[in-house]
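Take a look at the structure below.
Numbering (our numbering), first residue to last: -11 to 379.
Rendered as structure tokens:
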């Protein structure tokens, strides 16, 4: 929840505004650890954050359900170990970026307050992180058909948001410094061992200790926390409503350029979350958030309707992430139907019917986009009924 102040925003020596603006101009956003959330206060929501989160959700639905076989565009599959970066590789980082961007609104921040979290803040963070982790554990357990407590998408978001949330009261410039320090330490860790797909520092630590306790990949919490912190830094000017455009433009450009320049050593690598991958993702996320802010939150919100298709998904994106996965695991990939003349799962039957009617490529696109459209329509119906699932 946002914490409005009666004092105007002031600039620090680093040029970053830290104080909140008057209550009448405050924007609100979702809870920090959620993939999506509902309205929290009466003031107008930050349309840009809902829109960016919604775009990320819709991209996730597309890349996870694309059915084009050998015709699948390169941008809709993950890049190989040394294959650079694709749009698909950016989806999960943008989830984390959105979680971080919500932190200044939900927890408050910075100037005039002690930097360390009080008991109420810690309690709030834990009460959000634990249920989110458990929902993630449910998804991975259902998928693996066995109790699984290791890291998945929601589990990593929960842990990274919890860790980053403990630093949210720091001024933005210190959060930026903390994020960069984490990435520097993680970079040194990666450079401490060979860096190949079959032998690297992360794999060695997994084999030595983490795999035995069911927490393979726990090291990714470090760069993920840095990414959440960068998201919180990017959102600070949007909460303060002070020099939003130049600050976000400068931050986005700096992060993107830094990531690109650092990619000549370890390279963009999603498997081990290289620092350049984190910086580049955060930079593009910042520029994307700024773009949607210019559309939906300037000019007194006159053009926010343009983002409505995205905000429908963004405001209920926890449901948009969890429900389709469970529906597929429990029903769509399990129930057998004879619509094609043979017994197939519901989803397989729909794909066969589409490709028979329109061909391999056109039918595959119809199936893939139709799946996304069906989920969006369900979210639209829920929005009309004001149903928002939040933890």
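Here a beta-carbon is modelled for each residue, glycine too, at the ideal position from N, C-alpha and C. Just so it is clear, the structure is predicted and the values come from calculations on it, not from any experiment.
Length of the line joining the Cα atoms of residue i and residue j
i: residue 72; j: residue 108; result: 43 angstroms
i: residue 377; j: residue 369; result: 13 angstroms
i: residue 178; j: residue 77; result: 20 angstroms
i: residue 110; j: residue 288; result: 35 angstroms
i: residue 237; j: residue 317; result: 42 angstroms
i: residue 324; j: residue 339; result: 14 angstroms
i: residue 98; j: residue 104; result: Legend: pLDDT at residue 98 = 49, less than 50; position of this residue unreliable, no value from coordinates given.
i: residue 87; j: residue 360; result: 22 angstroms
i: residue 341; j: residue 358; result: 13 angstroms
i: residue 285; j: residue 291; result: 8 angstroms
i: residue 74; j: residue 250; result: 17 angstroms
i: residue 121; j: residue 39; result: 24 angstroms
i: residue 49; j: residue 356; result: 9 angstroms
i: residue 336; j: residue 345; result: 14 angstroms
i: residue 155; j: residue 53; result: 36 angstroms
i: residue 294; j: residue 303; result: 15 angstroms
i: residue 11; j: residue 92; result: Note that residue 11 has pLDDT 30, beneath the 50 cutoff, so the model's placement of it is unreliable and the number below is only indicative. When rounded, the distance between both Cα atoms is 15 angstroms.
i: residue 89; j: residue 327; result: 45 angstroms
i: residue 379; j: residue 347; result: 43 angstroms
i: residue 123; j: residue 362; result: 23 angstroms
i: residue 458; j: residue 310; result: This structure cannot settle anything about residue 458, because the visible part of the chain is limited to -11 through 379.
i: residue 269; j: residue 343; result: 35 angstroms
i: residue 351; j: residue 141; result: 30 angstroms
i: residue 235; j: residue 167; result: 17 angstroms
i: residue 133; j: residue 283; result: 44 angstroms
i: residue 210; j: residue 312; result: 29 angstroms
i: residue 256; j: residue 265; result: 5 angstroms
i: residue 106; j: residue 271; result: 31 angstroms
i: residue 59; j: residue 201; result: 40 angstroms
i: residue 252; j: residue 157; result: 34 angstroms
Under the three-state DSSP convention, the category residue i falls into
i: residue 349; result: helix
i: residue 260; result: coil
i: residue 180; result: coil
i: residue 133; result: coil
i: residue 246; result: helix
i: residue 54; result: coil
i: residue 33; result: strand
i: residue 332; result: strand
i: residue 216; result: helix
i: residue 340; result: helix
i: residue 367; result: helix
i: residue 123; result: helix
i: residue 325; result: strand
i: residue 65; result: coil
i: residue 171; result: helix
i: residue 292; result: helix
i: residue 373; result: coil
i: residue 73; result: coil
i: residue 165; result: helix
i: residue 192; result: helix
Proximal residues to residue i (C-beta, below 6 angstroms), its chain only, five neighbours per side dropped
i: residue 267; result: 243, 246 and 247
i: residue 281; result: 36
i: residue 15; result: Residue placement at residue 15 is flagged as unreliable, the pLDDT there being 41, under the threshold of 50; a coordinate-derived value is accordingly withheld.
i: residue 221; result: 160, 163 and 164
i: residue 27; result: In this prediction, residue 27 scores a pLDDT of 39, lower than 50, which makes its location untrustworthy; no coordinate-derived value is stated.
i: residue 331; result: 324
i: residue 82; result: 44 and 273
i: residue 150; result: 113 and 117
Contact set for residue i: own chain, Cβ-Cβ below 7 angstroms, skip 5 residues either direction
i: residue 125; result: 136, 137 and 143
i: residue 301; result: 42, 45, 46, 308, 364 and 367
i: residue 51; result: 64, 76 and 79
i: residue 232; result: 225, 226 and 281
i: residue 279; result: none
Short Cβ contact (9 angstroms threshold) for residue i with residue j
i: residue 258; j: residue 66; result: yes
i: residue 254; j: residue 192; result: no
i: residue 80; j: residue 216; result: no
i: residue 118; j: residue 314; result: no
i: residue 263; j: residue 172; result: yes
i: residue 240; j: residue 275; result: yes
i: residue 277; j: residue 223; result: yes
i: residue 116; j: residue 152; result: no
i: residue 203; j: residue 298; result: no
i: residue 184; j: residue 69; result: yes
Contacts around residue i, its chain only, beta-carbon distance under 8 angstroms, and the 5 residues preceding and following it disregarded
i: residue 372; result: none
i: residue 188; result: 178, 181, 182 and 260
i: residue 380; result: Nothing can be reported for residue 380: it is not among the residues displayed for the chain, which extend from -11 to 379.
i: residue 198; result: 204, 205, 206 and 207
Distance between beta carbons of residue j and residue i, contact taken as under 8 angstroms
i: residue 127; j: residue 349; result: About 31 angstroms; that fails the 8 angstroms criterion.
i: residue 260; j: residue 190; result: 5 angstroms
i: residue 212; j: residue 169; result: 15 angstroms between Cβ atoms; not a contact.
i: residue 354; j: residue 334; result: Contact flag wrong, Cβ pair sits at about 16 angstroms.
Proximity test, Cβ basis, 9 angstroms: residue i and chain B
i: residue 355; result: Judged by its chain identifiers, the structure shown contains no chain B, having just a single protein chain.
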